[in-house]
Structure formats: structure tokens, C-alpha cells
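Chemist: Before I ask anything, here is the structure I am working with.
Residue numbers (the working numbering): 648 to 768.
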């Protein structure tokens, strides 16, 4: 089973690298309905069953944007003794954009850690 997951991760990683153009892309925004995030690895990715409903109106949450790992370069984490190491951060927001009277809302955020990071902790 571990070999199967490793092969899945390699395929997912290759697709991720192909889609990410240039090191300056730190954010991917997608306002399209039914859009899917670009996962770096299959390990730690979410299915629709894993994504909760909106805590304000109970509507489904939708993928809105993701923070790319290139951002770590701008934080200079390569020089840290205990660096952060995530592959992507995905943000899901209410599909219905409910209750506009609330200025700041709690959203659902998923951090996909690098498999190397997971195995070292």
C-alpha cells in the first residue's frame, strides 16, 4: 500500500510542477464554480466529504484560492534551523457568500504538509 501511495504522490507532484509556472507565483485564485485546487501530493489532499459546510449558513464551501510553496522563499525559511515545509495552503469559502454584514468571517483552511516534513516529526 505504501508503494502505491508513493507512486500516487510522485504522479501528483509531477502534475503540480508542470502546472506551476515560475517561482514568482505565490497565490492561485480561482473564482470558477466547481474549481479544484492544485494538490502537490495525493497524501494529505481532501475529498469533498472532508470539507465542512459554512458555519454561518450551512451552505457548501468551495475552493477559492491557494497559497503556493514559493512563498516560503520570500520568508527566507531556507536559512532557518527549523524551517516550515508545506506544499500548499488551500482556502475554502462559502459558496453562497452568505451574511455580508459580517466583515471578517472564519473560513476553512487546509495546510498540506510535505511528506518529508510529516515523516520527520
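The beta carbon of each residue, even a glycine, is placed where N, CA and C say it ideally should be.
Values in this document were obtained by computation on a predicted structure and should not be read as measured data.
Please identify the residue among 690, 654, 746 whose C-alpha is closest to the C-alpha of residue 734.
Modeler: It is 690 whose Cα lies nearest to the Cα of residue 734.
Chemist: Tell whether a beta-carbon distance below 7 angstroms holds between residue 745 and residue 676.
Modeler: It is not a contact, given that the beta carbons lie outside the stated cut-off.
Chemist: For residue 751, count neighbouring Cβ atoms within 10 angstroms of its own Cβ and tell me buried if that reaches 16, exposed if not.
Modeler: Exposed, by the Cβ-count rule.
Chemist: Looking at the strands, I want to know which residues DSSP matches up with residue 735.
Modeler: Answer is 759, bridged to residue 735.
Chemist: Would you report the Cα separation of residue 722 and residue 708, rounded to the nearest angstrom?
Modeler: One C-alpha to the other measures close to 29 angstroms.
Chemist: Taking the alpha-carbon positions, what's the residue 793 to residue 737 distance?
Modeler: Nothing can be reported for residue 793, as the shown portion of the chain is limited to 648 through 768.
Chemist: Suppose you measure from the CA of residue 682 to the CA of residue 714; what does that come to, to the nearest Å?
Modeler: Whole-angstrom Cα-Cα distance: 15 angstroms.
Chemist: In the DSSP assignment, what are the bridge partners of residue 714?
Modeler: BP columns for residue 714 point to 674, 736.
Chemist: With C-beta atoms as the reference, is residue 732 less than 7 angstroms away from residue 706?
Modeler: Cβ atoms of residue 732 and residue 706: not closer than 7 angstroms.
Chemist: What three-state label does DSSP hand residue 708 in the structure shown?
Modeler: Three-state DSSP puts residue 708 in a strand.
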